[in-house]
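Asks: Sharing a structure with you now.
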Amino acid sequence: MKWITERDALIAQTLAFVQSVTGRKDEVLLPEASAAGSTGAVEIVAVEAVAVEIEPPQAPRPPQPAPLPPPRTSGGFRTEMQARIASFRKHQERFEREREEYCAATLTKLRTAIRDASGPPAKK
């Protein structure tokens, strides 16, 4: 049950710190102010004060810029861009051709359906 004593010591140390900062005792946190009839035992633990040296904050350093990638040769970049543009154009032309074919096929089916529907009525 070592953790319980460590927890209680931390609570007591925090309470002592709060009281030293505010200059008054907080009745809510004191064991005497606890509800009547509580069955929990309260153990008072001695707390040692520790001196801490605080360093003044340093001025924030500006972030370092990310290193730039090595430059490409102008000929390699140009040929790569031309290849990508040519590929994109071929792709778009294929889509255009497929749309035109689909539209033509749909119109043909529609015209056929209209022609068949407007023909002479079927005999009974």
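Quick note on numbering: the sequence shown equals residues 16 to 139 in the working numbering.
Glycine included, each C-beta is placed from N, C-alpha and C at the ideal position.
1. Between which residues of its own chain and A101 is the CB-CB distance below 6 Å, once the five residues before and five after are set aside?
2. Can you give me the Cβ contacts of P77 inside the same chain, cut-off strictly under 7 Å, excluding the 5 residues immediately before and after it?
3. Could you spell out the range, first to last residue, of the alpha helix (DSSP H) harbouring L30?
4. Going residue by residue through the segment 70-99, where are the continuous beta strand (DSSP E) segments of at least 3 residues, counting only ones entirely within it?
Replies: A quick look at the data gives this:
1. As a position in the sequence shown, residue 101 is number 86, starting the count at 1. Counting only Cβ-Cβ distances below 6 Å, and skipping sequence neighbours, we find nothing.
2. Indexing the sequence shown from 1 puts residue 77 at position 62. Hits under 7 Å: none found.
3. Against the sequence shown, residue 30 aligns to sequence position 15. Counting along the chain, the alpha helix (DSSP H) containing L30 begins and ends at 17-37.
4. none
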